[in-house]
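Data block below; observations after.
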Amino acid sequence: MAEVAGRAGAKSRPEFRNIHVFQLSSYRLPLAGIVSILHRISGALMFLVGIPFILYLFEQSLTSEISFENYRAIVSGWFAKLVLLALIWAYLHHFCAGIRYLVMDVHLALDKEQARGTALSVLVVSLALTFVVGLKLFGVF
Ligand code: HEM
15 MAEVAGRAGA KSRPEFRNIH VFQLSSYRLP LAGIVSILHR ISGALMFLVG
65 IPFILYLFEQ SLTSEISFEN YRAIVSGWFA KLVLLALIWA YLHHFCAGIR
115 YLVMDVHLAL DKEQARGTAL SVLVVSLALT FVVGLKLFGV F
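Written out as structure tokens, the structure is:
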């Protein structure tokens, strides 16, 4: 009987079920969820694009004088600068979010409000730093 009453009690609480693929566009992910997904995307971006691209540029910059000129031509183009900016954002976001996870791993800032605050800080700090580095990259100062 107690068990039935317990089940009846549970029914009045909000239920969270898996959402259907058609509900994805109307689902609002919490900030911590957005930071988490971006952390995975930024890690994959650095690994899959960052490492090959940086190694290629490094090789071009060292092999010969001609390849160095080629390297200079590549990195002064707007497309390479955009790729570099994306990688810089990936690194800065991954770094800030990674520090957040390490802090949470030692059981700090775990409650909902604090977690939301640290997630917001990660987004704001990483985007602000990316903006400043982007200005430098595109020669504004
Ligand atoms: C800058 C310093 C870095 C810090 C502080 C950091 C921190 C972390 C942490 C704490 C995790 C585990 C997250 C979790 O528990 O879900 C992680 C995952 C990962 N990191 Fe890093 N990381 C750094 C740099 C890098 C770099 C340079 C790369 C790639 C070249 C990278 C690639 C990855 C990948 C692919 C994952 C797995 C992501 C996932 O499965 O969601 N990280 N990082």
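Residue numbers (our numbering): 15 to 155.
Glycine included, each C-beta is placed from N, C-alpha and C at the ideal position.
Since the structure is predicted, the reported quantities are computational estimates derived from the model, not experimental observations.
- Between the ligand HEM and arginine 54, a heavy atom-to-CB distance of less than 7 Å is present.
- Nearest neighbour of histidine 107 by Cα position, chosen from Tyr41, Arg86 and Ala133, turns out to be Ala133.
- Counting along the chain, glutamate 127 sits inside the alpha helix (DSSP H) bounded by residues 126–151.
- Look at alanine 58: its beta carbon is less than 7 Å from one of the heavy atoms in the ligand HEM.
- Cβ atoms of leucine 149 and lysine 95 stay farther apart than 8 Å, at about 12 Å.
- Proximity of the segment 85–93 to the segment 57–67 falls short of the contact definition, fewer than three beta-carbon pairs being nearer than 8 Å.
- In the structure shown, isoleucine 48 adopts helical secondary structure according to DSSP, grouped into three states.
- Taking C-alpha positions only, leucine 71 is separated from tryptophan 103 by approximately 18 Å.
- Judged by beta-carbon spacing, isoleucine 55 lies beyond the 8 Å limit of glutamine 74, meaning their Cβ atoms are not closer than that value.
- Taking the Cα positions, glycine 47 is about 32 Å away from leucine 69.
- Valine 117 carries a helical assignment under DSSP once its states are collapsed to helix, strand and coil.
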